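Numbering (UniProt numbering), first residue to last: 9 to 228. Even for Gly, the Cβ is constructed at its ideal location relative to N, Cα and C. Here the structure is a predicted model, which means the values were calculated and not measured. Below you'll find the structure, written out as structure tokens, and then a few comments.
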Ligand code: C5P
């Protein structure tokens with residue numbers, strides 16, 4: 009049942025995470041960062057010493073993946089078993105490995121079930137769920153489905169600024185590489201029929217929040 013999903017997809021640097029969190033806070037909704045779950049899985053595969061290119065090894069890890077992820081927008085802690093991986097999953101090593109882990113179709117099926125269960129059981133009237141395939145695969149029947157985009161150079165600049173402004177060229181290159189690899193799995197750069205597009209290229213943060221809130225107001 010997708011009724012509780014506020015589905016927001018988009019590429020890295022589109023403003024997806026900060027906007028989704030702010031909207032969840034303001035509206036009293038839950039918040040689920042599905043990218044963080046994929047990152048935690050990639051961390052877990054690496055931690056086990058498994059090869060992220062070995063589909064069987066990745067699937068085995070996904071089958072016994074003790075993910076601990078809350079839905080409170082103000083508490084973004086993520087744990088695997090009793091290891092807090094909140095910071096570790098932002099490590100460039102994990103960012104570089106995550107696409108490979110997320111590429112395995114059977115892994116996606118398992119992970120999607122976890123997302124649907126978390127939302128169904130959430131003690132919130134709705135949950136803002138952000139990712140790459142929430143509007144198309146995880147919750148295609150969601151009442152609100154938004155694709156948040158921005159021009160690639162704007163996204164790269166935002167991501168570099170987030171990471172402290174150093175090595176902008178390397179950050180841009182890593183981001184474009186991950187985009188290419190992710191695009192082979194799900195199309196998160198064009199909107200599926202019925203999905204509302206918010207292009208944040210020429211919007212500042214507050215304008216982007218307002219644009220997304222306007223869509224939610226129209227659809228709910
Ligand atoms: O959103 P974020 O950049 O943290 O996502 C990390 C990675 O997780 C993406 O690069 C992608 O490989 C994977 N992902 C995915 N499907 C989602 C969300 C994230 O494949 N719904």
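Should residue 15 be labelled buried (16 or more other beta-carbon atoms within 10 Å of its own) or exposed? On the chain shown, position 7 is the one that residue 15 refers to. Residue 15 should be labelled buried.
Exposed unless 16 or more other CB atoms sit within 10 angstroms - verdict on residue 228: What you label residue 228 is simply residue 220 of the chain shown in a count that begins at 1. With fewer than 16 other Cβ atoms within 10 Å, it is exposed.
Would you call residue 85 buried or exposed, if buried means 16 or more other Cβ atoms sit within 10 Å of its Cβ? Looking up residue 85 in the chain shown gives position 77. Result: exposed.
Taking the straight line between their C-alpha atoms, what separation do you get for residue 199 and residue 146? One-based indexing of the chain shown puts residue 199 at position 191. One-based indexing of the chain shown puts residue 146 at position 138. For the pair residue 199 and residue 146, the Cα-to-Cα distance works out to about 15 Å.
For residue 155, which of 129, 182, 206 has the nearest alpha-carbon? Here residue 155 is taken as the residue at index 147 of the chain shown, counted from 1. Selected option, being the one with the closest Cα: 206.
Secondary structure of residue 174, DSSP reduced to three states: Taking the first residue of the chain shown as 1, we reach residue 174 at position 166. Secondary structure at residue 174: coil, using DSSP grouped into helix, strand and coil.
State yes or no: is the C-beta of residue 191 nearer than 7 Å to some heavy atom of the ligand C5P? The residue given as residue 191 occupies position 183 in the chain shown. Result no, Cβ not under 7 Å from the ligand C5P.
If I follow the unbroken alpha helix (DSSP H) through residue 123, where does it start and stop? Position 115 of the chain shown holds residue 123. Per DSSP, residue 123 belongs to the alpha helix (DSSP H) from 113 to 129.
Can you check whether the CB of residue 127 is closer than 8 Å to the CB of residue 137? Residue 137 sits at position 129 when you count from the first residue of the chain shown. Residue 127 sits at position 119 when you count from the first residue of the chain shown. Yes, the Cβ-Cβ distance between residue 137 and residue 127 is below 8 Å.
With residue 194 and residue 141 assumed to form a contact (beta carbons below 8 Å), what rounded beta-carbon distance in angstroms separates them? The count along the chain shown starts at 1 and reaches residue 194 at position 186. The count along the chain shown starts at 1 and reaches residue 141 at position 133. At roughly 4 Å, the Cβ-Cβ gap stays under 8 Å, so residue 194 and residue 141 are in contact.
For a test of the three-state rule: what should DSSP assign to residue 104, helix, strand or coil? Residue mapping note: residue 104 aligns to position 96 of the chain shown, counting from 1. In the structure shown, residue 104 sits in a helix (DSSP, three-state: H, G or I).
Residues that DSSP places opposite residue 154 in a beta bridge: Taking the chain shown and counting its residues from 1, one reaches residue 154 at position 146. As DSSP reads the structure, residue 154 sits in a beta bridge with 16, 204.
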